[in-house]
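Accompanying notes for the structure given below.
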Amino acid sequence: MLEELALLHELPRKVLEYRELTKLKSTYVDALPKLIHAETGRLHTSICQTGTATGRLSSSDPNLQNIPVRSEMGRQIRAAFVASPGNSLLSADYSQIELRILAHFSMDPVLVEAFRTGQDIHARTAEEVFRVGPMAQNAEHRRAAKAINFGIIYGQSPFGLAAQLSIDQKEAAQFIAAYFARYRGVKEYLERSLAEARKTGVTRTMFGRTRPVPEITAPQANLRSFAERTALNTPLQGTAADLIKLAMIVISRQLAEEKFKAKMILQVHDELLFEAPHNEIDRLRPLVRKAMEQVHKLAVPLVADLKAGPNWRDMK
DNA sequence: CCTGACTCC
DNA sequence: CATGGGAGTCAGG
């Protein structure tokens, strides 16, 4: 609501700015330095392997999976995470992993072709939904296409998409309809996914992780809708979690076998962070890239983007 | 202990 | 009528 009002008056924007800054100060700037371990001089988080419903990891005390990155002020906090002297940080993150898994599960011809030919998936969706070629697309086309692509993964309604894009609900409904008209395979996959969940009462990832969704047959529409969105999202998010965990096992074993000094120091759902001596970075890159991209063969390529630098903000 | 706000993917 | 998945921490009540 404040974001909407901010378009009309400066006060709501000030309120939002105040909240953002006090959050950054209390949760990160004031809290994290106190948690630096006296002997190691480092922050140590706890990783929980059994804390999420989808198979993701979680991080607590402190949570290092929600270090700011979006705002410039937030990014300054990220710059405080520095490599030890003589070392660099290497970050490797999966590109669009959930949409690639959606392509694999659905075998939708457009989605599969887009990923096989290395297209920009948001640009392709803009092309399909708005019937506007790459050169004719503007920032608004792309922003809307991105919101649609993510909304699909979550089972978003016209109401939700309309709110996100500040557009009319009717228009949002037309965008979603246009998406499914162009990505028929995705529509059919999502329908199959719901039917399977209704039949079995569980959702399942590619590697067999299951999650009960008992309310998928609830008479109460509200409960049933929540269960349906869970049933659609969990196989995608959970398979992504499975894949990165498998990659972590491979990498961990190879780092030991090949006597690297490099350490895998954090996982953030689709990203792995390493600390390594400068002279290991060029040997580490291909090892990590291959482990992540070849961890399991899908109908479309898995792509990892790698960046290195002196701290967690300044990487390229 | 709960809620609502903020942070992340 | 309600309305996007998964998390953790903080302040305030």
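Residues 1 to 316 in the working numbering are what the first sequence spells out, letter by letter. The C-beta atom is built at its ideal place from N, Cα and C for all residues, glycine as well.
**Request:** Could you work out which residue in R192, V132, V69 and N87 is closest to A79 when comparing CA atoms only?
**Result:** V69
**Message:** Below 8 Å, how does it come out for the stretch 25-45 and the stretch 229-245: are there three or more Cβ pairs, yes or no?
**Reply:** no
**Item:** Distance, P109 Cα to A103 Cα
**Value:** 8 Å
**Request:** With a floor of 3 residues, list each beta strand (DSSP E) that falls wholly inside the stretch 10-70, ordered by position along the chain.
**Result:** 46-48 and 58-60
**Nearest to G86 (by Cα), restricted to the options K261, Q294 and M292** = K261
**Request:** Just the C-alpha distance for L190 and D314, rounded to the nearest angstrom, thanks.
**Result:** 39 Å
**Where F226 falls: helix, strand or coil (DSSP)** = helix
**Message:** For I176, tell me which candidate among A126, A136 and E196 has the shortest Cα-Cα distance.
**Reply:** A126
**Prompt:** Closest by CA to L306, which one among L287, A299, V300 and K297?
**Reply:** L287
**Prompt:** R211 and A53: beta carbons closer than 7 Å?
**Reply:** yes
**Segment limits, beta strand (DSSP E) that includes N87** = N87 to Y94
**Message:** Which residue wins for smallest C-alpha separation from A291, given the options Y94, A173, P134 and H141?
**Reply:** Y94
**Item:** For P33, the nearest candidate out of V213, A299, M248 and D61 (CA to CA)
**Value:** D61
**Prompt:** If you count every other CB in all the chains shown that lies within 10 Å of the CB of G238, and 16 or more means buried, which is it?
**Reply:** buried
**Request:** Give the secondary structure of P109 by DSSP, where H, G and I count as helix, E and B as strand, and everything else as coil.
**Result:** helix
**Request:** Could you name the residues of the same chain whose beta carbon sits closer than 6 Å to that of L165, not counting the 5 residues immediately before and after it, in chain order?
**Result:** A144 and A147
**Prompt:** Is the closest heavy atom of the ligand COA to the C-beta of F175 under 6 Å?
**Reply:** No copy of the ligand COA appears in this structure; indeed no ligand is present at all.
**Prompt:** Just reading off the alpha helix (DSSP H) that F130 is part of, what are its end residues?
**Reply:** I121 to F130
**Request:** Go to D305, then tell me how far its alpha helix (DSSP H) extends in each direction, as first and last residue.
**Result:** Not the alpha helix (DSSP H): D305 falls in the beta strand (DSSP E), residues A304 to G309.
**Asked** S46: which of P214, F105 and S59 sits nearest, CA to CA?
**Response** S59
**Item:** Backbone CA spacing between T22 and V29 [nearest angstrom]
**Value:** 10 Å
**Prompt:** When you compare only the Cα positions, how much space is there between A227 and V202?
**Reply:** 10 Å
**Request:** Using 10 angstroms around the beta-carbon of D270, count the other beta-carbons present and answer buried if the total reaches 16, otherwise exposed.
**Result:** buried
**Prompt:** Which one or two residues does DSSP pair with A276 in a beta bridge?
**Reply:** S88
**Item:** Neighbourhood of L161 by C-beta distance below 6 Å, restricted to the same chain and skipping five residues each side
**Value:** G151 and A172
**Asked** First and last residue of the alpha helix (DSSP H) that includes I265?
**Response** That residue, I265, is in no alpha helix (DSSP H); its beta strand (DSSP E) goes K263 to Q267.
**Item:** C-beta contact flag for F159 and Q169 at 7 Å
**Value:** yes
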